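I have placed the structure first, in the form of structure tokens, so that the comments after it can refer back to it.
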Amino acid sequence: MNQFLAASSRAFRWSSAVASSRAARRVPRGGMPSVIVLAAGAIIVLNYGLLYTGSVFVLSACYAIVTAGMAVQIGFSQQIAFSQSVFFGVGAYGVALLNTHAHMSVLLAGVVMVVAAALVALLLGSVVTRASGLALAVATLMLPLIAVGYVSGTDLLGGPVGLPLNGTLWPASGSTTLIALGGGLIVVVVLAAVVFIATRILSSDIGLELFVLGVDERTAAALGVRTPRRKLELFVLGCVCAALGGVVYVGTQQFVPETVVDPTTELALLIMLFIGGRRSPIGAVIGALVIQYLQGASNWVSVNILIVEGVLLTVVLLVDPEGISGIVATGIAWLRRKSGAARVSAALGPAELTGAELTGAELTGAELTGAELTGEGQPAAAAGTVREAPDAIAGLPLSSVLPDSTLAGTAGGARDATLLEVRGVFKEYGGLSVLHDVSLALPGRGLFALCGPNGAGKSTLLNVIGGSVAPSSGEVVFAGSDITRRPPHERFYLGISRTFQAVHLIKGRTVLDNVAVACLASHTASIVTRIGRSQLDAARAKAARTLADLGMAHLADREVSSLTLEMQRMVELARALAPGPRLLLLDEPASGLSEEQRQRLAALLVTLAERTCVLLVEHDLALVAQVSERIFVLSGGHLVFDGGPADFRSSPVVNSLLVGS
Amino acid sequence: MKFGNLLIAGITTGSIYAMFAVCVSVWYRVSNILNLAVGDFAMVGALGVDNLYRVKGLPLPVAILTTLVVVAVFAYLYDQVVLRIAQDGRRPIEGIVITFFFTFALSFFIDGVAKVLFGTDVHAAPTLWGGPALTLGSLNFERSGLLVLACAVIIGGAFWLYIRFTLGGKALEASGENSVGARIVGIDTRQYRRLIFIGTAVIAAVFGIVESPITGFTYLSGATISLTGFLAAAYGGFRKPGRALVAGLFIGVLEAMLGGYVSAEYGDTVLYAILAAAILAWPRALGFESAVSG
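Top line first, the protein sequences correspond to chains A and B. Position one of the first sequence corresponds to residue 1 (the numbering used here), numbered consecutively onward. Position one of the second sequence corresponds to residue 662 (the numbering used here), numbered consecutively onward.
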């Protein structure tokens with residue numbers, strides 16, 4: 001019972017929490033939702049197929065095929081493109097034309113049109129997916145507007161009257177009953193397949209990539225996600241699902257009204273998606289069913305459908321932004337907790353329960369001991385600090401913080417060979433010069449710092465090295481090859497890892513998943529291959545090792561926004577370290593940390609620098625002089641100092657620039 | 662003087678787009694919510710006045726005033742009930758996409774109510790300034806169009822003065838830039854969200870009233886108006902009312918020119934294609950990136 005609940009809870013939410021992996025072994029990943037759809041759909045079609053209920057169900061299943069794809073593209077990955085109604089129209093009109101004029105069977109025409117839609121989407125997508133966020137949304141909003149103008153003026157497509165179809169989805173001839181039921185079953189099978197594929201993708205390693213892409217495209221790129229490719233794949237996926245929906249729609253409804261390409265169809269689909277649950281394919285199916293049944297109801301509901309939809313959408317979103325599926329998942333999780341708790345108490349009795357609680361207490365005790373161990377210097381620290389401290393790297397002998405396993409991917413950088421070379425880099429924004437002829441070179445290991453007053457260009461230089469900002473002129477050479485024009489994700493593969501000035505963690509995911517993002521091996525794979533297999537578990541295992549090495553294993557299942565700033569910075573550092581980088585770019589890792597926390601961080605950085613090259617942007621001059629072997633000072637975009645810590649302390653330039661101010 | 666007349670027509674429709682774009686972008690700036698229901702308030706303004714004046718027989722000024730008060734009260738209630746739960750609760754709902762759907766649902770709700778109250782036929786508020794078109798040489802000025810322009814200049818100007826020169830305007834700007842920061846320095850951001858929501862709803866209703874004699878409205882006209890306002894606001898980067906205004910005027914003029922010189926039938930199609938291409942070519946210059954990050 002409990003396992004069933006766990007599986008269905010996962011089915012309703014996109015979630016693939018670590019804790020549920022036990023149940024996951026029984027049901028194949030992504031199997032449960034599609035089995036539910038297949039079984040329930042078949043039963044409904046066979047029992048009610050000839051009745052009004054059945055015909056409404058088949059119609060809503062046609063839309064559900066579209067919305068399930070939208071759940072992946074729009075809900076989960078947040079790539080809002082208003083292309084669905086147009087490709088729905090491409091599928092529907094295409095099949096109608098091929099069937100009427102070329103006498104192709106509906107099934108064959110459907111296959112032809114889906115392939116054609118994929119090709120068109122690939123062409124169109126390679127243009128429009130260059131845009132991001134709202135630009136993508138507004139640019140694709142033009143598609144239905146253009147399509148409606150074209151369709152209403154084109155006689156071949158029936159203009160405003162619409163286009164009828166003689167063929168049926170069911171390929172063989174037979175009685176009306178057979179044709180209706182057979183067509184309905186084909187729709188259900190297609191829907192189940194789409195739900196299966198969508199769920200498989202979302203729970204795979206690429207699903208994690210897509211989630212990051214949805215939260216923040218730039219962070220995704222810095223973590224190695226090939227954002228242009230993923231965005232194009234998502235666009236094509238959404239369009240193919242829409243075309244599939246259009247094909248089965250015309251095959252079962254035998255008519256294409258002009259309104260299918262209308263923006264209102266687009267809005268109707270979006271309403272289905274958001275009422276059902278934007279991130280969950282099965283939620284999208286539920287949404288399509290709910291809306292179609294409400295519209296089909298022959299009472300005041302269908303007369304006042306606009307009011308009903310408006311109120312329903314508002315209420316559902318107010319209760320849970322994840323829609324009906326979110327509400328159901330919360331309910332199931334609650335049931336599960338309740339039944340689980342009941343079972344435990346029945347089986348173990350109250351004494352054992354206390355035992356379990358005791359273990360919890362012991363854990364806290366162990367953490368406290370750890371805190372005391374590191375917190376030697378500040379016994380008077382507030383209780384809160386003591387509680388938080390163990391969550392970082394406390395209690396560990398720092399010199400052994402990073403055994404070989406973490407940096408296993410790196411053979412340790414060479415001391416004397418140049419790893420990174422920045423040659424004569426200029427950067428201008430408009431007329432404003434941010435970097436002026438900056439050149440520097442770093443060897444394969446060691447700790448280096450970049451200082452300078454605010455606005456000196458430190459972060460810009462880091463971005464130029466990381467690839468999120470292109471220099472106006474100059475070169476960036478890494479490990480002997482010119483990477484000036486390489487995108488951020490390719491630099492990530494070469495071994496450049498970074499953290500951000502403001503913490504860029506992925507909210508809504510666990511610490512483990514946040515680190516696992518950087519360990520994914522899926523970057524070169526296409527979405528389609530991930531339907532078959534996923535290497536998310538391998539990435540998570542690697543992430544878990546890194547967390548363990550940093551003494552953060554106990555945080556693995558925590559949601560990142562529940563962590564303190566120090567812990568969040570540590571998670572970000574763990575994420576940067578996990579892939580075993582050759583060059584680590586840290587943008588003010590110590591900002592916002594207490595003195596004690598800074599010292600812990602400093603010790604860790606020194607350890608890291610024994611194996612890899614670390615470039616640190618930092619304001620804390622004492623920290624910089626203490627840990628780094630060479631320091632670069634930027635001022636007004638010029639490199640004004642380059643030398644060791646001793647020179648740094650005595651340099652008049654540095655003193656006037658940084659200490660004086 | 663085809664060009665001149667097309668220009669006049671373009672500026673007239675453009676000023677309507679511009680006003681709705683300003684309404685969308687000003688409220689977005691304060692609340693970070695894109696208001697897709699702004700056109701529905703315009704529809705309610707037009708059909709409400711028509712219903713009260715023509716069907717219920719109220720005097721025109723009373724009908725207009727009543728309609729505007731109803732719109733304001735409704736906007737107030739919506740803010741108090743829905744937006745308060747959505748944004749001011751323990752778990753505020755964030756993200757441009759999800760909040761967008763609240764106004765989307767609002768638009769559906771208003772349309773549904775309007776269908777019940779006003780029926781499904783095309784109606785319009787009575788012409789406030791009737792009579793034949795004024796002519797100047799070979800140029801024709803429709804009186805309704807001039808009235809729309811006058812309203813745009815007066816209301817738009819007043820709005821600009823308010824934002825630019827009053828303390829309230831500064832506070833409003835601060836609310837949008839950083840709502841937490843604004844709250845810390847003592848600005849009640851919720852109050853501004855409410856104020857501007859009600860204000861833009863009433864302004865939209867006024868424009869519905871003056872515009873409807875030109876085009877005529879049904880209960881479903883709101884979505885189209887919102888769409889044009891949304892588009893023009895998009896080209897102003899959603900946060901910059903001044904640019905939204907220019908974008909609205911530009912789109913209006915471009916539409917008239919394409920309709921007059923390229924093709925009456927496919928003019929709109931060409932217009933949309935040009936607009937899409939512009940976004941893809943210069944997303945940064947058009948302010949899309951700042952809108953996303955902000």
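Using N, Cα and C, we set each Cβ at its ideal position, and we do this for glycine too. Note that the structure is a prediction, hence the values are computed from the model and not measured.
{"Item": "Can a CB atom of chain A be found closer than 7 Å to the CB of Thr674 of chain B?", "Value": "no"}
{"Item": "Which chain B residues are close to Ile80 of chain A, counting only those with a beta carbon under 8 Å from its beta carbon?", "Value": "Val758"}
{"Item": "Mind checking Glu926 of chain B: buried by the 16 CB within 10 Å criterion, or exposed?", "Value": "exposed"}
{"Item": "Measuring only the C-alpha atoms, how far is Arg851 of chain B from Pro902 of chain B?", "Value": "20 Å"}
{"Item": "Under 7 Å Cβ-Cβ, which residues of chain B neighbour Ile671 of chain A?", "Value": "Only positions 1 to 661 of chain A appear in the structure, and residue 671 of chain A is not among them; the question remains open."}
{"Item": "According to DSSP, is Asp391 of chain A helix, strand or coil?", "Value": "For Asp391 of chain A, the predicted structure reports a pLDDT of 38, less than 50, and the residue's modelled location is therefore unreliable. A value from the coordinates is still provided. In this structure, Asp391 of chain A counts as helix in the three-state DSSP scheme."}
{"Item": "Between which two residues does the beta strand (DSSP E) holding Phe641 of chain A run?", "Value": "His638 to Gly643"}
{"Item": "If you follow the beta strand (DSSP E) that Lys507 of chain A is in, where does it begin and where does it stop?", "Value": "No beta strand (DSSP E) holds Lys507 of chain A; DSSP gives it neither H nor E."}
{"Item": "So, are the CB atoms of Gly310 of chain A and Phe769 of chain B less than 7 Å apart?", "Value": "yes"}
{"Item": "On the premise that His436 of chain A lies in contact with Gly643 of chain A, defined as a C-beta separation below 8 Å, what is that separation, rounded to the nearest angstrom?", "Value": "Actually they are not in contact, since the Cβ atoms of Gly643 of chain A and His436 of chain A sit about 19 Å apart, beyond 8 Å."}
{"Item": "Taking Cβ to Cβ, would you say Gly125 of chain A is nearer than 7 Å to Phe235 of chain A?", "Value": "yes"}
{"Item": "Return the first residue and the last residue of the alpha helix (DSSP H) that Asn801 of chain B is part of.", "Value": "Element bounds for Asn801 of chain B: not the alpha helix (DSSP H) but the beta strand (DSSP E), Leu800 to Phe802."}
{"Item": "Say whether chain B places a C-beta atom closer than 7 Å to the C-beta of Ala662 of chain A.", "Value": "Since the first residue of chain A shown is 1 and the last is 661, residue 662 of chain A is not available in this structure."}
{"Item": "Could you check if Ala920 of chain B is buried or exposed, using at least 16 other CB atoms within 10 Å of its CB as the buried criterion?", "Value": "Strictly speaking, residue 920 of chain B in this sequence is Gly, with Ala absent from that position. By the neighbour-count rule (16 or more Cβ atoms within 10 Å), Gly920 of chain B is buried."}
{"Item": "Indicate whether at least one CB of chain A lies closer than 7 Å to the CB of Pro753 of chain B.", "Value": "no"}
{"Item": "When the Cβ atoms of the stretch 154 to 163 of chain A are set against those of the stretch 256 to 272 of chain A, are three or more pairs found closer than 8 Å?", "Value": "yes"}
{"Item": "Quick check on the DSSP output: the beta strand (DSSP E) that includes Ala669 of chain B runs from which residue to which?", "Value": "Sequence check: residue 669 of chain B is Ile here, not Ala. No beta strand (DSSP E) holds Ile669 of chain B; the alpha helix (DSSP H) holding it covers Lys663 to Ser692."}
{"Item": "Which value, in whole angstroms, describes the spacing of the CA atoms of Thr524 of chain A and Arg226 of chain A?", "Value": "8 Å"}
{"Item": "If contacts are defined as beta-carbon pairs under 8 Å, then Met567 of chain A and Leu586 of chain A qualify, I think. What distance do you get, rounded to the angstrom?", "Value": "Met567 of chain A to Leu586 of chain A, Cβ: 16 Å. No contact."}
{"Item": "Please state whether DSSP places Val401 of chain A in a helix, a strand or coil.", "Value": "Because the pLDDT at Val401 of chain A is just 44, under 50, the model does not fix this residue reliably, and the value given afterwards should be weighed accordingly. In the structure shown, Val401 of chain A sits in coil (DSSP, three-state: anything other than H, G, I, E or B)."}
{"Item": "Please tell me whether Gly842 of chain B and Gly706 of chain B are closer than 7 Å, where the distance is taken between their beta carbons.", "Value": "no"}
{"Item": "From what residue to what residue does the beta strand (DSSP E) around Gly446 of chain A run?", "Value": "Gly446 to Cys451"}
{"Item": "Considering only the beta carbon of each residue, do Ala576 of chain A and Leu565 of chain A sit closer than 7 Å?", "Value": "no"}
{"Item": "Relative to the C-alpha of Ala895 of chain B, which candidate in A:Gly207, A:Gln295, A:Ser203 and A:Val138 has its C-alpha closest?", "Value": "A:Val138"}
{"Item": "For Pro350 of chain A, count the other beta carbons within 10 Å of its own beta carbon; 16 or more makes it buried, fewer makes it exposed. Which is it?", "Value": "Legend: pLDDT at Pro350 of chain A = 38, less than 50; position of this residue unreliable, value from coordinates given subsequently. The residue is exposed, with fewer than 16 neighbouring Cβ atoms inside 10 Å."}
{"Item": "Give every residue of the same chain whose Cβ lies closer than 7 Å to the Cβ of Ala61 of chain A, excluding the five residues on either side of it in the sequence, and list them in chain order.", "Value": "Gly41, Val187, Val188 and Leu191"}
{"Item": "Any beta-carbon of chain B closer than 7 Å to the one on Val654 of chain A?", "Value": "no"}
{"Item": "Rounded to the nearest angstrom, what separates Val791 of chain B and Ser805 of chain B at their Cα positions?", "Value": "Reading the sequence as shown, one finds Gly at residue 791 of chain B and not Val. Cα-Cα distance, rounded: 8 Å."}
{"Item": "Nearest chain A C-beta to Ile746 of chain B closer than 7 Å, yes or no?", "Value": "yes"}
{"Item": "When DSSP labels each residue in this structure, what does Ile483 of chain A get in the three-state scheme?", "Value": "coil"}
{"Item": "Does any C-beta atom of chain A lie closer than 7 Å to the C-beta of Asp740 of chain B?", "Value": "no"}
{"Item": "Please state the DSSP three-state secondary structure of Arg630 of chain A.", "Value": "strand"}
{"Item": "Got a sec? Which residues, its chain only, sit under 8 Å from Ser661 of chain A by beta carbon, not counting five neighbours each side?", "Value": "Any reading at Ser661 of chain A must be qualified, since the residue scores a pLDDT of 46, below 50, and its modelled position is unreliable; no value is offered."}
{"Item": "Can you tell me whether Leu634 of chain A is buried or exposed, with buried defined as 16 or more other CB within 10 angstroms of its CB?", "Value": "buried"}
{"Item": "Quick one: is Pro944 of chain B near chain A, going by C-beta distance under 7 Å?", "Value": "yes"}
{"Item": "State the Cα-Cα distance for the pair Leu505 of chain A and Val871 of chain B, rounded to the nearest angstrom.", "Value": "50 Å"}
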